[in-house]
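Going by this note's numbering, the sequence shown wraps up at 356, each residue one higher than the last.
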Amino acid sequence: MRILHISDIHCSYAYLERILGILNELNVDVIVVSGDFECNHDIIGMLMRQNVPIVAVPGNMDDHYIARLLREQGIAIDAQCRLIGGYYFTGISGLEVYTSMRKAEECLRKYREKTILVTHHPPRASKIDVTWGNVHAGLPDITRLIEEYKPRACLCGHIHEARGYEVIGKTLCVNPGPLALGYYAMVDLNKNEVILEEL
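Next comes the structure, spelled out in structure tokens:
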């Protein structure tokens, strides 16, 4: 399973166009977007024109209109559970964190290590949630889910300056950094490998 993981697009049409322009070279099985689109039809439309499965959660900067568009296009996985390539993708919204967390936990409880958790907010961690002020801004409740259910991966965003990856228990956790600054990550679950890239 090769994943193109992007987050925090923040209306950056130019960078999204560039990453989608090299999509064939990246040879990915799925595109994961960890929220903060901030723009609606054009950004989501660009993603929908790809011949690769796409899953996404809204971020804290996305309004309910964007969240509805993601649902209507069939790519929203917050509070849902979707099977792709042998893994169950479930998500936690950056808008309705605790409502979607309860539903995501049902998927995690059932499928555990066969689950990929997609969140906007990072878990409370050692590297991927640290702000410029050296504050850990991740959510302890997401860390609890990871420690209890041990999903295969947790793909998050939100904290722009905390680009990186780490392992919590048995779970590979990745913050690719904001696509708005040209950052993305390639996550290869077969090789247990993360490559942080820049356009």
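Note that the Cβ used here is the ideal one computed from N, Cα and C, for glycine as well.
Nearest to Gly-231 by alpha-carbon distance, out of Leu-204, Met-218 and Ala-310, is Leu-204.
Nearest Cα to Ala-337 within the set Lys-327, Glu-318, Gly-202 and Ser-250: Glu-318.
If you look at Arg-239, you'll find it in the beta strand (DSSP E) that goes 238-241. Arg-225 carries a helical assignment under DSSP once its states are collapsed to helix, strand and coil. The C-beta separation of Gly-202 from Asp-165 comes to about 19 Å, leaving the pair out of contact by the 8 Å criterion.
Met-258 sits in a helix when the DSSP states are folded into three classes. Of the residues Asn-208, Gly-192 and Met-158, the one whose Cα lies closest to the Cα of Leu-226 is Gly-192.
With three or more CB-CB distances shorter than 8 Å, the stretch 343-356 counts as touching the stretch 325-333. By the C-beta criterion, the stretch 158-175 is judged not to be in contact with the stretch 295-308, since fewer than 3 inter-stretch pairs fall below 8 Å. With a minimum length of 4 residues, the unbroken runs of alpha helix (DSSP H) contained wholly in the stretch 256-306 fall at 297-306.
DSSP lists Cys-311 and Glu-323 as the beta-bridge partner residues of Cys-330. Within the stretch 161-210, complete alpha helix (DSSP H) segments of at least 4 residues are found at 170-178, 180-183 and 198-205, given in chain order.
Residues Lys-307 of the same chain have their beta carbon placed closer than 6 Å to that of Lys-327, with the five preceding and five following residues left out of the count. An exposed status is given to Val-292, since fewer than 16 other beta-carbon atoms sit within 10 Å of its beta-carbon.
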